Amino acid sequence: MRKFKFSLFDFVNYLIFIVLALLILIPIWKVLVDSFNAVGMYQFQIFPNRPTIDGYRTIFETKALYRPLLNSVITTICGTALGLLLCTLGGYVLAQADMPGRAGLGFFLLFTMIFTGGMIPEYLVMKQLGLVDNMWILVVKHGINVYNIVLMKNFFEGIPESLYEAAKIDGCTPMGIFTKIVLPLSKAALASIGLMFAVAIWNDYTTAKIYITNPDQTNFQYKLRNLVMDGDTPNTSYKVANETLQYAGIICAILPFMIAYPFLQQYFVKGVNIGAVKE
Amino acid sequence: MSRRQPRMTSSGQPIRHTPLGTKMWNYRGYYLMFVPVVLFVIIMHYWPMLGVRFAFYNYRAFGAKTFIGLEHFRTMFGEKGFWTAFKNTLELSIWKLLITTLTAVVASVFLNEMNQMFAKKTLQTVIYLPHFMSWAVVAGIFSMILSPNAANGMVNGMLQDMGLKTQMFLQDKTLWRPIFYIINIWKETGWGTIIFLATLSGVNPELYEAADIDGATRMQKIWYVTVPALANTIVVVLILNLAKVMNLFESVFVLYNSAVMDVSDVISTFIYAKAFAANPNYGYSTAVGLFKSLVGGALVLICNALSKKVRGRGII
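So the protein sequences, as listed, match chains A and B.
In my numbering, each residue's number is its place in the first sequence (first place is 1) plus 75.
In my numbering, each residue's number is its place in the second sequence (first place is 1) plus 22.
So, in structure tokens, the structure goes:
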């Protein structure tokens, strides 16, 4: 087997990739170490030289900081649920090949990918709906995602019709087929698309920036940005260095997906491939 | 007993004569399931489209809306900042697309050469990581690392230790764009390899065996087998992303500042700045938004046509 040959090519190849991996890890590691460090300094250290958890303690003790974090958790969970509900319903209906008006309904959705009202008209509508300065804007804005509906439709079209034809003949309702047969067959796709929703909502800074100014309604990405870039640190943080608090904030913002991602990597990766190389 | 033969088309398909009304009635359950989707699409997408009419009005927070025809478009096309933003949008998006696609292709070609599965998987896991960070976080990390203050900026601290001049990285007009591209490479290269690696996993191994028999070196095999195998996917990725060129916003918004406006302001940030300035004219921002939407829509349609040509199916 060629497997055991290890040439100069392989050596250089692995070496280059290890350097690249370090270039990715060093900034993240520096942030992690400095979030536990009482005094910030520019050098890269493997371990904190003056360990402290005051940065994290401040985040969880200061309402101005833990409230946005809680909002992020709530909106991510609700938005993912709404997003999955709408994209499975939409995808399932559009996957009905013989349904009259299917092409029209499809175009009705796809037109929104060609033409959009734009930032200001959207803002004015959300204002009328009372969604300005309201964290639920994050849920509804992400909940309806035409691209994901199309992904789901493509996936459902791949399920052999024979699997639910019998149920149809037995008089099972469309909703019954959907919940009892189609959804259980789609767990992997649901996981992939659910993760796509969750990442998009958790990481959304723009929506919060445009629509929310009330500090009680904003999300963590927005608060973090204020904390890091504008030095908008809460008054109670005198006992901890600003840098420590800023780095701890960054870690809180990336932690959920950094923890979940190695375990769920296959679903994340699958999500990309359903979208792109579905042939 | 003779059963009546159903009428056939020339290809032998029976023609069904279910009246449309009956057929739609049979599908009533499905239409009902589609109602929530339609409601959300109307509220979130179609209703705002009506607001596009404000592009032809003077519309301020206080005072009446007055119709002014194409006045906003005249102002827009005469404004230097608008053209700078339009040019920057195209330049930044297209260069970013080309650069990150190139790095992703190179990375996947060489990842594909690794036979040691554990090492390959671990490296993949690491290079995918930055994709899950928000732009707000990435901008936070890099602005701290690139801080002009040598006492806490890692890069400037190191430059100072080596006796070199410190730099105002993100505030420097000549440095901003290269840094913007580097940050994009850092964040998205790894994730970009997924689609190319998927393509490469489908390459027929016989092609490599044939090349072995012909005495090809490793680099020759990469150049003559691996890279051509990716050609089609590269074209598809470029087309798919070309459709999104006008959407560039968040990555610029979190990294730009007033010192580098000339090289970094894009259409969306231009709209944002106009709309959230003091006493904004919403009509004017809407007009610029309409321009962006029309150019973006045209790009989507062009890319859709290209995609149909290249791979037989559209992108929308």
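Cβ atoms here follow ideal geometry from the backbone N, Cα and C, with glycine treated the same way.
No experiment lies behind these values; they were computed from the predicted model shown.
Using a Cβ distance threshold of 7 Å, B:LEU168 and B:GLY175 count as a contacting pair. Between the segment 189-196 of chain A and the segment 224-234 of chain A, the count of C-beta pairs closer than 8 Å stays below three; the two stretches do not touch. For the alpha helix (DSSP H) assignment, the uninterrupted runs of no fewer than 4 residues enclosed by the segment 129-209 of chain B are, from N- to C-terminal side, 139-150, 157-167, 176-183.
Spanning the alpha carbons of B:ASN269 and B:LEU321 requires a straight line of approximately 11 Å.
Nearest C-alpha to A:ARG132 among A:PRO331, A:ALA323, A:VAL344, A:GLN340: A:ALA323. Between A:ASP208 and A:GLN292, the gap from beta carbon to beta carbon is short of 7 Å.
Cβ-Cβ distances below 7 Å link A:PHE119 to ILE101, LYS105 in the same chain, with the five nearest sequence neighbours on each side left out; the list follows chain order.
Relative to the Cα of B:ALA158, the nearest Cα in the group B:MET283, B:VAL285, B:GLU272, B:TYR203 belongs to B:GLU272.
Spanning the alpha carbons of B:THR111 and B:PHE104 requires a straight line of approximately 10 Å.
Residue nearest to A:ASN146 within the set A:LYS243, A:MET210, A:PHE122, A:ASN88 is A:MET210 (criterion: CA-CA distance).
About 6 Å separates the beta carbon of B:ILE217 from that of B:VAL259, a gap short enough to meet the 8 Å contact definition. The Cβ neighbour count for A:SER237, taken over all protein chains shown within 10 Å, is under 16; the residue is labelled exposed.
Boundaries cannot be given for A:MET174, as no alpha helix (DSSP H) includes it and DSSP labels it neither H nor E. Here B:MET241 is exposed, its C-beta having fewer than 16 other C-beta atoms within 10 Å. Straight across, the Cα-Cα distance linking B:HIS94 with B:THR291 is about 18 Å. Of the candidates A:THR187, A:PHE111, A:GLU136, A:PHE135, the residue whose Cα lies closest to the Cα of A:ASN124 is A:PHE111.
Contact of A:GLU318 with chain B by beta-carbon distance below 7 Å involves ASN174.
Residue environment: A:ALA170 is assigned as buried (16 or more neighbouring CB atoms within 10 Å of its CB, all protein chains considered).
A straight-line Cα-Cα distance of about 35 Å links B:LEU312 and A:VAL344.
Closer than 8 Å at the C-beta level to chain A, one finds these residues of the segment 150-163 of chain B: TYR150, LEU151, PRO152, PHE154, MET155, SER156, TRP157, ALA158, VAL159, ALA161, GLY162, ILE163. Remark: C-beta atoms of A:GLY165 and B:VAL59 approach each other more closely than 7 Å. Looking at the backbone, the Cα of B:ARG75 and that of A:PRO175 are separated by about 33 Å. Taking C-beta separations shorter than 6 Å and ignoring five residues to either side along the sequence, B:GLN146 has no partners in its chain. For the segment 185-214 of chain A, the set of positions with a beta-carbon nearer than 8 Å to some beta-carbon of chain B reads LEU185, THR187, MET188, ILE189, PHE190, THR191, GLY192, GLY193, MET194, ILE195, PRO196, GLU197, TYR198, LEU199, VAL200, LEU204 in chain order. Note that the C-beta distance between A:VAL214 and A:GLY130 is not below 7 Å. A:ILE268 and A:SER261 have their C-alpha atoms some 11 Å from each other.
B:THR106 is bridged by DSSP to nothing; it lacks a bridge partner. A:ASN301 sits in a helix when the DSSP states are folded into three classes.
The segment 48-57 of chain B makes no contact with the segment 276-286 of chain B, as fewer than three CB pairs between them are under 8 Å. One Cα belongs to B:PRO250, the other to B:VAL225, and the distance between them is close to 10 Å. Taken in chain order, the complete beta strand (DSSP E) segments of 3 or more residues contained in the segment 209-275 of chain B number zero; there are none.
Counting only residues of its own chain and dropping the five nearest sequence neighbours on each side, B:SER115 has a CB closer than 7 Å to the CB of VAL267, LEU270.
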